[in-house]
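Trainee: One structure, as structure tokens, below. Some questions next.
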Amino acid sequence: MPNSPDSTTQAPDTVHRTVRLRLFPGDAATGILLTAIAGACRYVWNHMLADCEWRYARWKEMHVPALNWPEVREGKTAWAKAVRRKMGPGPSTSFFTLGRRFTELRNDPDHAWLKEYPYKVIRYSLKYLADAYARYKADPENEGKPRFKGRHFTVPAFTIPEAVRMDGDHLYVPRVGWLRLAGSNPYAGCRPLTVRVRMEGTEQHPKWYAYVCYEVPAEQVKQPAADGALGLDRNVGQATDSDGTVYAMPDTDKLDAQIARKQRELSRKQGWGPRDRRPKSNRGRRVNGQLNKLQRKGARKRDDATHQASRKLADTAHTVVVEDLNTKGMTKSAKGTVEKPGKQVKQKSGLNRSILASGWGSWERKLAYKAGDLRKVNPAYTSQTCSRCGHVDKSNRPSQAVFACGACGFRANADHNAAINILVRAGLPCVPVSARGTGAAARRGAIPWGSPTTRERDGPAVQSGL
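The working numbering puts the sequence shown at residues 1 to 466.
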């Protein structure tokens with residue numbers, strides 16, 4: 001994924017881009033050493049997480065009873081304010097504090113084995129723990145607490161945070177040595193900042209990859225279109241822009257069936273069921289690796305589709321307008337409670353899977369750095385509003401695919417009509433953008449505004465361009 005951004009601080013005249021390259025350990029011993037480094041990172045994460053939980057429990061025992069006093073809880077008097085100040089916000093979980101505790105842990109004779117692995121690489125795993133705590137403290141209702149990482153359900157990975165050494169198609173991993181890289185790298189001449197080393201494949205046949213974050217000059221990155229604006233309506237399985245172009249997600253029905261079959265097979269293995277506390281069997285480990293491989297394949301297919309579609313949109317228009325969708329709320333379970341059980345739970349569960357597989361968030365993340373300007377608008381009634389006369393009515397949608405205005409008689413594809421409404425809602429004129437390419441498609445031009453994208457004789461409307 002050569003166009004993925006990174007969140008590291010960057011200079012104004014540079015941007016960050018991440019490239020995924022294949023990493024070859026060379027022999028089994030080197031692969032085992034890479035796995036051991038990732039295992040040490042996981043151990044330090046779990047150890048420090050347990051330490052933070054223990055410190056918070058002790059702090060809670062000492063100070064929280066004071067909050068039961070109404071005077072302290074209100075904090076209006078000087079005495080109450082002094083008590084609140086003495087209590088403090090709780091034990092620190094900053095990266096600086098966790099790093100200091102890691103140094104003490106590393107010098108402990110019982111953990112002397114940690115000195116066999118690179119110090120900065122292992123220590124940087126606590127940066128992710130500190131960030132997880134920061135997100136949880138900022139929004140405890142929506143962000144979950146950091147969790148312990150299990151051996152069988154955690155992908156072996158670690159980060160080289162600084163002083164990245166690369167020589168052509170080779171990468172230097174501390175305490176391991178120079179390892180060969182392979183893959184397309186459009187930013188080979190730029191300065192590498194960080195590297196994320198990650199194991200994929202199966203436990204029996206591992207494949208290692210290096211995600212290298214580069215500092216790239218802004219002029220070297222492909223620029224979006226100079227002008228033009230498009231509205232984008234994201235749906236289940238596809239997206240449609242205001243020019244009428246449909247971007248379909250890949251068909252993964254066969255892959256989904258294979259994943260479901262492996263999940264059923266895994267649930268029957270010893271120790272891998274939801275309530276099976278027996279030791280995990282080796283056959284289950286093998287099936288779990290096969291399941292992870294299939295799931296990664298599906299994720300790559302969806303990621304590639306959104307990468308290509310977002311690039312086409314950025315090359316076509318400078319501004320892209322999307323709906324500000326609450327994906328988390330839309331994919332909430334319909335199970336309900338014991339007192340008020342939900343309805344059509346199985347159907348809602350299938351819809352949730354389809355929404356998540358459509359990659360709505362992935363569209364936004366990619367367009368945010370590829371397009372010149374990404375705007376979000378209120379999604380209310382965009383699918384029920386006529387893009388020609390503005391009439392709003394639920395009956396304007398006689399079917400999922402067809403929009404038929406009850407006031408002016410305008411008929412169009414429902415997704416195309418919604419995409420036009422999204423663009424207009426952002427305060428932008430709905431002017432057709434030049435068609436893609438320079439051949440016959442460009443000579444024909446884009447679909448004009450207000451013209452229907454359906455053709456019908458006696459039967460129902462059929463979406464054009466499919």
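Note that the Cβ used here is the ideal one computed from N, Cα and C, for glycine as well.
When the Cα atoms are used, what is the spatial distance from THR35 to PRO156?
Mentor: Walking along the sequence shown from the start, residue 35 turns up at place 35. Walking along the sequence shown from the start, residue 156 turns up at place 156. Taking the straight line from one Cα to the other gives about 6 Å.
Trainee: What does the Cβ neighbour count give for LYS222, buried or exposed, with the cut at 16 atoms within 10 Å?
Mentor: Start at 1 with the first residue of the sequence shown, and residue 222 comes out as number 222. Label assigned to LYS222: exposed.
Trainee: Go ahead and label GLN204 buried or exposed: buried means 16 or more other beta carbons lie within 10 angstroms of its beta carbon, across all protein chains shown.
Mentor: Stepping through the sequence shown from its first residue, residue 204 is reached at position 204. With fewer than 16 other Cβ atoms within 10 Å, it is exposed.
Trainee: Determine the extent of the alpha helix (DSSP H) in which TRP59 is found, giving its start and end residues.
Mentor: The count along the sequence shown starts at 1 and reaches residue 59 at position 59. TRP59 -> alpha helix (DSSP H) spans 28-63.
Trainee: Quick one: what's got a C-beta closer than 6 Å to PRO398's C-beta in the same chain, skipping five residues either side?
Mentor: Working through the sequence shown from its first residue, we reach residue 398 at position 398. Counting only Cβ-Cβ distances below 6 Å, and skipping sequence neighbours, we find ALA404.
Trainee: Give me the Cα-Cα distance between PRO161 and LYS120, rounded to the nearest whole angstrom.
Mentor: Position 161 of the sequence shown, counted from the start, is the residue given in the question as residue 161. Position 120 of the sequence shown, counted from the start, is the residue given in the question as residue 120. For PRO161 and LYS120, the distance between alpha carbons rounds to 7 Å.
Trainee: How would you call GLN384, buried or exposed, if buried means at least 16 neighbouring beta carbons within 10 angstroms?
Mentor: Looking up residue 384 in the sequence shown gives position 384. With 16 or more other Cβ atoms within 10 Å, it is buried.
Trainee: For LEU367, which option in ALA225, ARG20, ALA28 and THR103 has the closest C-alpha, if you only look at C-alpha atoms?
Mentor: Here residue 367 refers to the residue found at position 367 of the sequence shown. Ranking ALA225, ARG20, ALA28 and THR103 by Cα distance to LEU367 puts ALA225 first.
Trainee: Taking the alpha-carbon of ARG283 as reference, which of ASN292, PRO118 and TRP272 has the nearest alpha-carbon?
Mentor: Start at 1 with the first residue of the sequence shown, and residue 283 comes out as number 283. Of ASN292, PRO118 and TRP272, the residue nearest in Cα terms is TRP272.
Trainee: Determine the burial state of ASP108: buried for a count of at least 16 other Cβ atoms within 10 Å of its Cβ, exposed for fewer.
Mentor: Position 108 of the sequence shown, counting from 1, holds the residue named residue 108. So ASP108 ends up on the exposed side.
Trainee: Let's see if you can read the secondary structure: which residues bound the alpha helix (DSSP H) around MET330?
Mentor: Start at 1 with the first residue of the sequence shown, and residue 330 comes out as number 330. 327-330 is the span of the alpha helix (DSSP H), which, as asked, contains MET330.
Trainee: Output needed for ILE447: all residues of its chain with C-beta closer than 7 Å, excluding positions within five of it in sequence on either side, in chain order.
Mentor: As a first step, residue 447 is located in the sequence shown; it is residue number 447 there, counting from the start. Only weak support is given to the placement of ILE447: the predicted model assigns it a pLDDT of 37, under 50, and the value that follows is read from those uncertain coordinates. Here the set comprises ASP243, GLY244, PRO432 and THR453.
Trainee: Could you check what DSSP says for LEU374 in three-state terms: helix, strand or coil?
Mentor: As a working note, residue 374 is residue 374 in the sequence shown. Looking at LEU374 - three-state DSSP - the assignment turns out to be strand.
Trainee: Is the separation between the beta-carbon of GLY237 and that of THR30 shorter than 9 Å?
Mentor: By one-based count along the sequence shown, residue 237 stands at place 237. By one-based count along the sequence shown, residue 30 stands at place 30. In this structure, THR30 does not lie closer than 9 Å to GLY237 by Cβ.
Trainee: Thinking just about the alpha-carbon of each residue, which of ARG191, CYS41 and ASP241 is nearest to the one in TRP113?
Mentor: Position 113 of the sequence shown holds residue 113. Among ARG191, CYS41 and ASP241, the Cα nearest to that of TRP113 is on CYS41.
Trainee: Determine the direct distance from the alpha carbon of ARG388 to that of GLY228, and round the result to whole angstroms.
Mentor: As a working note, residue 228 is residue 228 in the sequence shown. As a working note, residue 388 is residue 388 in the sequence shown. When rounded, the distance between both Cα atoms is 20 Å.
Trainee: Is LEU105 closer than 9 Å to VAL15 when the C-beta atoms are compared?
Mentor: For the purposes of this step, residue 15 is identified with residue 15 of the sequence shown, where counting begins at 1. For the purposes of this step, residue 105 is identified with residue 105 of the sequence shown, where counting begins at 1. Cβ distance not < 9 Å, so VAL15 and LEU105 don't count as in contact.
Trainee: Could you give the distance in angstroms between the alpha-carbon of ASP256 and the alpha-carbon of TRP363?
Mentor: Position 256 of the sequence shown, counted from the first residue, corresponds to residue 256. Position 363 of the sequence shown, counted from the first residue, corresponds to residue 363. Looking at the two C-alpha atoms, the distance is approximately 21 Å.
Trainee: Distance check for PRO186 and TRP449, CA to CA, integer angstroms please.
Mentor: Position 449 of the sequence shown, counting from 1, holds the residue named residue 449. Position 186 of the sequence shown, counting from 1, holds the residue named residue 186. Only weak support exists for where TRP449 lies, its pLDDT of 36 falling under 50; the coordinates are left without a value.
Trainee: If you compare alpha carbons, which of PRO250, LYS115, ALA38 and CYS52 is closest to HIS152?
Mentor: One-based indexing of the sequence shown puts residue 152 at position 152. It is ALA38 whose Cα lies nearest to the Cα of HIS152.
Trainee: Between ALA441 and LYS346, what straight-line distance do the alpha-carbon atoms span, to the nearest angstrom?
Mentor: In the sequence shown, counting from the first residue as 1, residue 441 sits at position 441. In the sequence shown, counting from the first residue as 1, residue 346 sits at position 346. In this predicted model, ALA441 has a pLDDT of only 41, less than 50, meaning its place in the structure is not dependable; the value taken from the coordinates is given anyway. Computed Cα separation, rounded: 43 Å.
Trainee: Taking C-alpha atoms, which residue in ALA314, THR159 and PRO146 lies nearest to ALA371?
Mentor: Numbered from its first residue, the sequence shown carries residue 371 at position 371. The shortest Cα separation from ALA371 among ALA314, THR159 and PRO146 belongs to ALA314.
Trainee: Pairing CB atoms from the region 50-63 with CB atoms from the region 88-104, are three or more of them under 8 Å?
Mentor: Yes, since at least three Cβ pairs between the region 50-63 and the region 88-104 fall closer than 8 Å, the two stretches touch.
Trainee: Quick one: is PRO274 buried, meaning 16 or more other Cβ sit within 10 Å of its Cβ, or exposed?
Mentor: Counted from its first residue, the sequence shown places residue 274 at position 274. Burial call: exposed.
Trainee: I need the boundaries of the beta strand (DSSP E) containing VAL197, first residue and last residue.
Mentor: As a position in the sequence shown, residue 197 is number 197, starting the count at 1. From DSSP, the beta strand (DSSP E) with VAL197 extends over 191-201.
Trainee: Check whether the region 415-433 touches the region 307-324, taking contact to mean three or more Cβ pairs, one atom from each stretch, closer than 8 Å.
Mentor: The region 415-433 vs the region 307-324: in contact.
Trainee: As a quick exercise: from ARG375, ASN417, ASP373 and TYR369, pick the residue whose alpha carbon is nearest that of VAL392.
Mentor: Here the question's residue 392 lines up with position 392 in the sequence shown. Comparing Cα positions, the closest option is ASN417.
Trainee: Output yes or no for whether 9 Å exceeds the beta carbon distance between LEU33 and LEU181.
Mentor: On the sequence shown, position 33 is the one that residue 33 refers to. On the sequence shown, position 181 is the one that residue 181 refers to. No, Cβ-Cβ distance for LEU33 and LEU181 is not below 9 Å.
Trainee: Exposed or buried, which one is CYS408 when buried takes at least 16 other CB atoms within 10 Å?
Mentor: Here residue 408 corresponds to residue number 408 of the sequence shown, with the count starting at 1. Exposed, since its Cβ has fewer than 16 Cβ neighbours within 10 Å.
Trainee: Compute the Euclidean distance between the alpha carbons of ASP303 and ASP110, then round it to the nearest angstrom.
Mentor: On the sequence shown, residue 303 is found 303 positions in, with the first residue counted as 1. On the sequence shown, residue 110 is found 110 positions in, with the first residue counted as 1. Their backbone Cα atoms lie some 44 Å apart in a straight line.
Trainee: Could you name the residues of the same chain whose beta carbon sits closer than 8 Å to that of GLY361, not counting the 5 residues immediately before and after it, in chain order?
Mentor: Your numbering for residue 361 matches position 361 in the sequence shown. Excluding sequence neighbours, GLY361 sits near THR327.
Trainee: Contact check, ASN46 vs PHE158 under 8 Å by CB: the rounded distance?
Mentor: Working through the sequence shown from its first residue, we reach residue 46 at position 46. Working through the sequence shown from its first residue, we reach residue 158 at position 158. Not quite, the Cβ-Cβ distance comes to about 15 Å (not below 8 Å), so this is no contact.
Trainee: Determine which residues share a DSSP beta bridge with GLY336 and list them.
Mentor: For the purposes of this step, residue 336 is taken as the residue at position 336 of the sequence shown. Note: GLY336 sits in a beta bridge opposite PRO341.
Trainee: If the criterion is Cβ atoms closer than 9 Å, does the pair TYR117 and ARG198 meet it?
Mentor: Locating residue 117 in the sequence shown gives position 117, where the first residue counts as 1. Locating residue 198 in the sequence shown gives position 198, where the first residue counts as 1. It is not a contact, given that the beta carbons lie outside the stated cut-off.
Trainee: According to DSSP, ILE160 sits in a beta bridge with which residue or residues?
Mentor: Taking the first residue of the sequence shown as position 1, residue 160 is located at position 160. For ILE160, which the question treats as bridged, DSSP gives the partners VAL195.
Trainee: TYR48 and LEU126 look like a contact to me (Cβ under 8 Å); what is the Cβ gap, rounded to whole Å?
Mentor: Stepping through the sequence shown from its first residue, residue 48 is reached at position 48. Stepping through the sequence shown from its first residue, residue 126 is reached at position 126. First, the amino acid is wrong: residue 48 is Met here, not Tyr. About 6 Å separates the two Cβ atoms, so the contact holds.
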